[in-house]
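Single-structure report; data block below.
In this note's numbering, the protein residues as written are 83 to 846.
Shown next, in the form of structure tokens:
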């Protein structure tokens with residue numbers, strides 16, 4: 083294995099993500115468009131193989147490559163994209179409140195937004211987590227919060243001065259306002275008038291940050307309200323914050339938490355939230371009224387930033403609100419030899435130099451690797467976020483001055499961010515092109531802190547881990563980390579061409595239909611209550627030109643009208659063959675590695691057969707409806723037979739024998755349980771809808787720009803990082819990429835090294 087350690091001294095030494103194929107290395111000062119890679123190789127014509135199955139057997143009704151006007155990234159304070167650094171009574175404005183040195187001359191610092199944190203009063207999170215006795219009596223029951231704080235009481239004098247002098251756009255966080263269920267039911271005496279006057283005098287104010295890590299903290303609350311040893315304490319907790327039972331109670335908890343946050347924050351609804359491990363909270367927060375969302379891209383335990391991006395961007399578009407990308411750098415990894423688990427904190431790429439802060443979390447080579455930090459920031463920009471916020475930036479981004487000099491210098495990761503920031507100002511990132519929607523239930527939460535109470539989520543796993551194979555033998559990705567692989571971002575044959583949309587949210591059917599209109603195809607996945615699903619929105623979506631892919635059980639459950647789908651299923655079933663076949667051409671589409679059970683159609687069926695198996699049994703039907711069409715798959719949830727025939731065992735929650743976090747889910751993570759039918763449908767959708775075909779083991783996506791298309795490439799393989807060691811690169815994992823335009827037939831080629839990202843302009 084060819085590896086090399088990161089070099090130090092020159093900012094770019096040993097840094098593959100600023101290299102070109104010819105070996106050219108970007109200079110320390112970023113060049114205009116330096117990271118925009120272009121290489122054209124004309125062809126006589128576009129290979130016919132790109133067209134896939136015959137046009138008569140197309141899956142998707144729409145054939146255009148248009149991008150919805152509402153998908154343009156939101157502007158915050160007049161800017162489409164910027165960085166933000168939280169200050170905690172520090173500032174990057176040069177006024178003396180922070181530790182950033184203006185002589186650094188880094189534009190990203192000078193032009194950034196700021197987040198100010200209120201004074202740490204009583205820290206309720208510490209009470210909840212670290213002291214069991216306090217934990218049993220603190221749940222909004224003992225008057226911990228004063229009701230007569232003025233706005234000025236929440237901040238130090240320095241911070242209040244900074245508000246007036248900085249005049250930069252900024253967020254405000256009142257840290258002790260979490261968890262939300264600690265808050266009082268109302269704050270009748272809080273200084274609303276004082277805040278109103280202050281707000282009018284500070285137009286740079288963007289929003290309050292609230293409901294941080296709502297997923298993790300809510301688990302503590304749910305556990306204590308059931309398990310507190312003293313029945314009187316349990317009763318007190320429930321009286322202080324009543325909550326029903328079951329998975330749908332989460333929405334009650336979220337709505338009441340939002341109401342209390344608004345009460346405490348002077349009645350203002352200018353509030354953004356932050357969530358991390360539970361990706362699907364993006365939609366929950368948007369549904370309760372949050373005006374903007376941040377996703378915290380953390381490397382602790384199980385992390386999959388590609389799933390999180392699809393949720394965050396989908397919620398942003400469904401509710402027409404901005405989203406931000408919060409780049410954390412903490413990491414739970416392992417040592418090279420002992421395989422000891424190490425929870426790593428702040429990462430310092432300072433080699434053997436003494437880090438600027440002493441402490442257990444401030445040692446060299448901790449946290450995510452330098453190249454992953456760079457990809458993390460790049461990914462937040464390229465997927466359409468409006469704000470990129472960096473956690474602990476003042477510790478992470480400054481290093482001791484060179485030997486013999488005083489003060490600090492911007493160390494390598496700060497310079498990496500500066501290069502990215504330069505690219506964001508000189509390159510039109512365009513609009514992320516995600517014409518496919520995965521429709522998931524609002525309360526079927528995904529992620530390791532998903533507050534699950536036994537919901538059936540294997541159907542979502544079938545889609546998500548087909549789109550983004552993880553290859554881990556355990557849910558928390560420890561098997562990867564023991565090999566020095568950090569996870570978080572993954573290569574895949576599928577580009578980032580999909581968002582998550584919830585068709586059972588609290589929005590009206592017309593609002594949901596409007597959001598769906600932007601997507602050319604939508605897959606209905608997950609488990610729904612009939613009374614929640616906006617069926618009218620789905621029907622309107624199809625009639626307006628969309629393509630809806632559903633399974634036969636949806637019709638049987640009354641979630642979609644059979645007369646619109648054109649398929650009426652009877653009770654009979656048939657065992658599957660060993661492959662899928664295109665009904666029009668006889669072409670073999672995919673093998674079927676696991677047995678499926680097909681539901682047989684009956685009298686009244688008018689839909690055409692699109693795919694059969696090799697035994698001739700109809701599998702996939704297509705029916706035109708208005709300008710669109712319905713694609714019906716004759717298998718329960720589009721999944722192999724086991725997931726229906728052995729449903730109870732697969733979904734057991736007793737922790738035994740293939741329990742919820744056991745056998746089946748782990749098989750999904752590891753890729754040992756392929757979903758061939760779903761994969762075949764997704765492959766067809768990607769081929770039909772994307773204007774560029776991409777070959778190569780790489781992570782990629784397409785953005786629509788004013789002049790054409792921007793293809794972005796990122797290689798997440800071949801980077802090895804163990805605890806307390808510099809990262810290494812296995813250059814045998816360099817990705818050889820070929821992209822072919824469906825407009826001109828031209829091909830674009832590039833080599834993408836481990837840990838590297840590149841941009842390619844494609845003209846129409």
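Just so you know, even glycine gets a beta-carbon here, dropped at the ideal spot from N, CA and C.
This one's a predicted model, so the numbers in the text were calculated from it and none came from an experiment.
Practice problem: Give the range of the alpha helix (DSSP H) segment to which residue 652 is assigned. | Solution: On the chain shown, residue 652 is found 570 positions in, with the first residue counted as 1. Segment 651-657 is the beta strand (DSSP E) holding residue 652; no alpha helix (DSSP H) there.
Quiz item: Hey, which unbroken runs of the alpha helix (DSSP H) at 4 residues or more fall wholly within the region 234-286?
Solution: 239-248 and 274-283
Quiz item: Where are the beta strand (DSSP E) runs, 3 residues long or more, that stay fully inside the region 533-615, in chain order?
Solution: 580-583 and 603-606
Quiz item: Can you tell which of 837, 802, 724 and 628 has its C-alpha closest to the C-alpha of residue 145?
Solution: For the purposes of this step, residue 145 is taken as residue 63 along the chain shown, with counting starting at 1. Selected option, being the one with the closest Cα: 628.
Exercise. Would you decide whether residue 516 is buried or exposed? Buried here means 16 or more other CB atoms lie within 10 Å of its CB.
Key: Locating residue 516 in the chain shown gives position 434, where the first residue counts as 1. Buried: at least 16 other Cβ atoms inside 10 Å.
Quiz prompt | Range covered by the alpha helix (DSSP H) that runs through residue 453 | solution = Counting from one through the chain shown, the residue named residue 453 turns up at place 371. Counting along the chain, the alpha helix (DSSP H) containing residue 453 begins and ends at 452-464.
Quiz prompt | Sequence ranges, beta strand (DSSP E) only - wholly within the region 311-397, length at least 3 | solution = 353-357 and 374-381
Quiz item: Do residue 292 and residue 355 have their C-beta atoms within less than 9 Å of each other?
Solution: In the chain shown, the residue the question calls residue 292 occupies position 210. In the chain shown, the residue the question calls residue 355 occupies position 273. Contact: yes.
Quiz prompt | Strand pairing of residue 142, partner residues [DSSP] | solution = Taking the first residue of the chain shown as 1, we reach residue 142 at position 60. Answer is none; residue 142 lacks a bridge partner.
Quiz item: So residue 665 and residue 692 are in contact, right, with Cβ under 8 Å, and what is the actual spacing, rounded?
Solution: Taking the chain shown and counting its residues from 1, one reaches residue 665 at position 583. Taking the chain shown and counting its residues from 1, one reaches residue 692 at position 610. About 6 Å; that satisfies the 8 Å criterion.
Quiz item: Contact check, residue 650 vs residue 638 under 8 Å by CB: the rounded distance?
Solution: Counted from its first residue, the chain shown places residue 650 at position 568. Counted from its first residue, the chain shown places residue 638 at position 556. Contact flag wrong, Cβ pair sits at about 10 Å.
Exercise. Whole angstroms is fine: what's the gap from residue 272's alpha carbon to residue 161's?
Key: Taking the chain shown and counting its residues from 1, the one referred to as residue 272 is at position 190. Taking the chain shown and counting its residues from 1, the one referred to as residue 161 is at position 79. Distance between the alpha carbons of residue 272 and residue 161: 33 Å.
Self-check item: Cross-strand partners of residue 817 (DSSP beta bridge)
Solution: The count along the chain shown starts at 1 and reaches residue 817 at position 735. DSSP output for residue 817 lists 834 as bridge partner(s).
Quiz item: Using DSSP with H/G/I as helix, E/B as strand and the rest coil, what is residue 840?
Solution: Numbered from its first residue, the chain shown carries residue 840 at position 758. The answer is strand: DSSP assigns residue 840 an E or B state.
Quiz item: Which residue from 372, 570, 365 and 498 puts its Cα closest to that of residue 412?
Solution: Position 330 of the chain shown, counted from the start, is the residue given in the question as residue 412. When only C-alpha atoms are compared, the closest one is 570.
Quiz item: Roughly how many angstroms separate the alpha carbons of residue 717 and residue 640, rounded to a whole number?
Solution: Here residue 717 is taken as the residue at index 635 of the chain shown, counted from 1. Here residue 640 is taken as the residue at index 558 of the chain shown, counted from 1. Distance between the alpha carbons of residue 717 and residue 640 is about 16 Å.
Self-check item: Beta-carbon contacts of residue 661 that lie in its chain and below 8 Å, excluding the five residues immediately before and after
Solution: Start at 1 with the first residue of the chain shown, and residue 661 comes out as number 579. Once the five neighbours on either side are set aside, the close Cβ partners of residue 661 are 670, 671, 672, 673, 674, 695 and 696.
Self-check item: Residues of its chain near residue 625, where Cβ-Cβ distance is below 8 Å and the 5 sequence neighbours each way are ignored
Solution: Position 543 of the chain shown holds residue 625. Once the five neighbours on either side are set aside, the close Cβ partners of residue 625 are 707, 708, 709 and 710.
Quiz item: Hey, residue 837 and residue 574: beta-carbon distance below 9 Å or not?
Solution: Taking the chain shown and counting its residues from 1, the one referred to as residue 837 is at position 755. Taking the chain shown and counting its residues from 1, the one referred to as residue 574 is at position 492. No, these two residues do not count as a Cβ contact at 9 Å.
Quiz item: Count the other CB atoms within 10 Å of the CB of residue 251; is the residue buried (16 or more) or exposed (fewer)?
Solution: Taking the first residue of the chain shown as position 1, residue 251 is located at position 169. Buried.
Quiz item: What residue from 598, 376 and 560 has the CA that sits closest to residue 414's CA?
Solution: Within the chain shown, numbered from 1, the residue matching residue 414 stands at position 332. The candidate whose alpha carbon is nearest that of residue 414 is 560.
Quiz prompt | Reference residue 827, options 780, 775, 803 and 401, closest by Cα | solution = Here residue 827 corresponds to residue number 745 of the chain shown, with the count starting at 1. Considering only alpha carbons, the answer is 775.
Practice problem: Could you tell me the boundaries of the alpha helix (DSSP H) in which residue 810 lies? | Solution: Counting from one through the chain shown, the residue named residue 810 turns up at place 728. Element bounds for residue 810: not the alpha helix (DSSP H) but the beta strand (DSSP E), 810-812.
Quiz item: Nearest-angstrom Cα distance between residue 269 and residue 278?
Solution: Position 187 of the chain shown, counted from the first residue, corresponds to residue 269. Position 196 of the chain shown, counted from the first residue, corresponds to residue 278. The alpha-carbon atoms of residue 269 and residue 278 are separated by roughly 16 Å.
Exercise. Taking only the alpha-carbon atoms, compute the straight-line gap between residue 809 and residue 335 and give it to the nearest angstrom.
Key: The sequence position of residue 809 within the chain shown is 727, counting from 1. The sequence position of residue 335 within the chain shown is 253, counting from 1. If you take the alpha carbons of residue 809 and residue 335, they lie about 42 Å apart.
Quiz item: Looking at C-alpha atoms only, which residue of 234, 475 and 509 is the closest neighbour of residue 464?
Solution: Along the chain shown, read from residue 1 onward, the residue named residue 464 stands at position 382. Nearest option by C-alpha distance: 509.
Quiz item: On the three-pair Cβ rule with 8 Å, is the region 371-382 touching the region 341-360?
Solution: yes
Exercise. Can you tell me which of the three DSSP states residue 824 falls into?
Key: For the purposes of this step, residue 824 is identified with residue 742 of the chain shown, where counting begins at 1. Residue 824: coil per DSSP, three-state reduction.
Quiz item: Near residue 197, what residues of its chain come up, given a Cβ to Cβ distance below 8 Å and the 5 sequence neighbours on each side ignored?
Solution: Along the chain shown, read from residue 1 onward, the residue named residue 197 stands at position 115. So the qualifying residues of the chain are 166, 167, 168, 169, 252, 253, 254, 255, 291 and 471.
Quiz item: Terminal residues of the continuous alpha helix (DSSP H) containing residue 765?
Solution: Counting from 1 along the chain shown, the entry for residue 765 is found at position 683. Taken as a continuous stretch (DSSP letters only), the alpha helix (DSSP H) holding residue 765 covers 758-771.
Exercise. Can you have a look at residue 647 and say buried or exposed, based on whether 16 or more other CB atoms are within 10 angstroms of its CB?
Key: The residue you call residue 647 lines up with position 565 of the chain shown. Buried is the call here.
Practice problem: Specify the secondary structure class of residue 801 as computed by DSSP and reduced to three states. | Solution: Residue numbering aside, residue 801 sits at position 719 when the chain shown is read from its first letter. Strand at residue 801.
Self-check item: Cβ shell of residue 635 (< 6 Å), same chain only, five flanking positions each side left out
Solution: Mapped onto the chain shown, residue 635 falls at position 553. Counting only Cβ-Cβ distances below 6 Å, and skipping sequence neighbours, we find 718.
Quiz item: Taking the continuous beta strand (DSSP E) assigned at residue 413, which residues delimit it?
Solution: Residue numbering aside, residue 413 sits at position 331 when the chain shown is read from its first letter. 405-416 is the extent of the beta strand (DSSP E) around residue 413.
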